[in-house]
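7 is the number of the first residue of the sequence shown in the numbering used here; add one for each residue after it.
Glycine included, every Cβ here is placed at the ideal spot set by N, Cα and C.
Notes follow the structure.
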Amino acid sequence: MKKGTLLVLSALVILSLVTVSCGAPPLETYKFKLAETHPKDYPTEKADRRFAELANTATGGKFTVDVYSAKQLGEEKAALEQVQLGAGVVDITRVSLSVFSSFVKETEVMQLPYLYRSQEHMWNVLNSPIGAQMAAACEKANFVFLCWYESGSRNFYTSKPVATVADLKGMKIRVQQAPVMVSMVESLGAVATPLDFGAVYTAIQSKTVDGAENNWPSYLSTKHYEVAKYLIVDEHTRVPEIMVVSKKVFDRVPKAMQDLIRKAAQDSVTFQLQQWNDYEKVAEAEVKKLGAIITVPTAEQKAAFQTAMKPLYDKQSPEAQKVIAAIQAIK
Ligand code: GTR
């Protein structure tokens, strides 16, 4: 090798060593995919995007979340399976705790009918050590908890008029894929049909089922009011929404960045709650305008729903009974 060439090469080696030792730390960036079942601008979808924005800003652009709404990455159960697997198809998902509970048994208790006295009570529970206990339980199933979101209360709606518990007897009701939801509908003498969210409209239309149950915003966004226009405001459950990230994927993110991501998720909660409370009222008014026939049960009729669902509490394990008692004791 010529002397000149050798000199140039040595200079390049020295230069690169200087760059490595004195230069900026390696720029490592992460891009996660988030699966959301709801369409664009639904309160949870808006909150997913707020979380993505907050996390991106907090990490100086190093962490990006792409939100795939309207089940582009699959229905909730399938999305959870992917998150659990951690193969990079779905990294984060926002789902209903009902669907989630079949993956993390401890959380089942959090969706029992008439468990929370109000929205405020539910949030006091979620923000208490019980909420933290549920969040920690996710890790055993390869999920890392990010945050809870609001989802209001759920009512039954059917293609035939329903005013009392007795009217539901023998009716086929779609439920989320969750054992507690199946037992709940069975406790009313109805037949539970677990189905994916996206299959419900056609199932009612084709008379595979006689009805379903959900909150006001989902009743509107899915247009279920078109095929099941009788809604009874029995408010049987308050089921929190949950956002989780794949443990396998999240473990690859540096600890300091993980903390910023968790904080960003927490910081999106107030925004989601506000969006929810506003949209819930809009949705209720809208479905009424669009022809839904709403029955508000008397206190006595509503109590009959509660009484019919009581056996579900007795069926709970001793550990779940303890959680129920602790929840009831929270103000
Ligand atoms: C909605 C919830 C969805 C989905 C749906 C269902 O209220 O936001 O995530 O679980 O209910 O009934 O499948």
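query, result
"Could you tell me the alpha carbon to alpha carbon distance between E325 and L121, rounded to whole angstroms?", "16 Å"
"Do three or more CB pairs link the segment 177-190 to the segment 271-285 at distances below 8 Å?", "no"
"Out of A198, E241 and L226, which has the shortest C-alpha to C-alpha gap to V288?", "L226"
"Out of Q312, L318 and Y74, which has the shortest C-alpha to C-alpha gap to T43?", "Y74"
"Which whole-angstrom value describes the C-beta separation of A198 and L174, a residue pair presumed to lie in contact below a C-beta threshold of 8 Å?", "The pair is not a contact, with the Cβ atoms about 11 Å apart (cut-off 8 Å)."
"Below 9 Å between beta carbons: does that hold for L118 and P246?", "no"
"State the start and end residues of the unbroken alpha helix (DSSP H) segment that holds F277.", "V275 to K295"
"For the putative contact between V115 and V329, defined by C-beta atoms under 8 Å, what is the C-beta separation to the nearest angstrom?", "5 Å"
"Name the residue from N220, E81, M190 and T65 whose alpha carbon lies nearest to the alpha carbon of E34.", "T65"
"Kindly indicate the opening and closing residues of the alpha helix (DSSP H) around K308.", "A305 to M315"
"Cα separation between F57 and F203?", "24 Å"
"For Q312, which residues from the same chain have a beta carbon less than 6 Å from its beta carbon, with the 5 sequence-adjacent residues on both sides left out?", "Y120"
"Can you look up Q327 in the DSSP assignment and give me helix, strand or coil?", "helix"
"Return the CA-CA distance between Q125 and G158, expressed in angstroms with no decimal places.", "7 Å"
"Could you check whether the Cβ of R56 sits closer than 8 Å to any heavy atom belonging to ligand 1?", "no"
"Heavy atom of ligand 1 less than 8 Å from the Cβ of T304, yes or no?", "no"
"Check the C-beta distance from V96 over to V89 and give it rounded, since I have them as a contact under 8 Å.", "5 Å"
"If you drop the 5 nearest sequence neighbours on each side, which residues of the same chain put their C-beta closer than 7 Å to that of L60?", "A270, D273 and S274"
"Note down, in chain order, each residue of its chain lying with its Cβ closer than 7 Å to the Cβ of I136, except the 5 sequence neighbours on either side.", "V329, A332 and I333"
"Looking at the unbroken alpha helix (DSSP H) that takes in R56, where does it start and where does it end?", "P49 to A64"
"Which of helix, strand or coil does DSSP assign to E34?", "coil"
"Going by the C-beta, is F149 closer than 8 Å to any heavy atom of ligand 1?", "no"
"In whole angstroms, what separates the C-alpha of A209 from that of K146?", "35 Å"
"Using a Cβ-Cβ distance under 9 Å, would A234 count as near chain D?", "Among the protein chains of the structure shown there is no chain D, as only one such chain exists."
"Could you spell out the range, first to last residue, of the alpha helix (DSSP H) harbouring F162?", "Counting along the chain, F162 falls outside any alpha helix (DSSP H), though it belongs to the beta strand (DSSP E) covering S159 to T164."
"Assign K316 to one of two classes, buried (16 or more other C-beta atoms within 10 Å of its C-beta) or exposed (fewer than that).", "exposed"
"In terms of alpha-carbon separation, which member of V239, F109, E290 and G176 lies closest to D216?", "G176"
"Residues in its own chain within less than 6 Å of K46 by CB, not counting five upstream and five downstream?", "S75"
"Residue range of the beta strand (DSSP E) that Y231 falls in?", "First-last for Y231: undefined, no H or E at that position."
"Taking contact to mean at least 3 C-beta pairs separated by less than 8 Å, is the segment 75-86 in contact with the segment 229-240?", "no"
"Please go through the same chain and pick out, in chain order, the residues whose beta-carbon is closer than 6 Å to the beta-carbon of E290, but skip the five residues on each side of it.", "W222"
"Taking the straight line between their C-alpha atoms, what separation do you get for I127 and A172?", "The sequence shown places His at residue 127, not Ile. The alpha-carbon atoms of H127 and A172 are separated by roughly 30 Å."
"Would you list, in sequence order, the uninterrupted beta strand (DSSP E) runs of no fewer than 3 residues that lie entirely inside the segment 121-191?", "149-155, 159-164 and 178-181"
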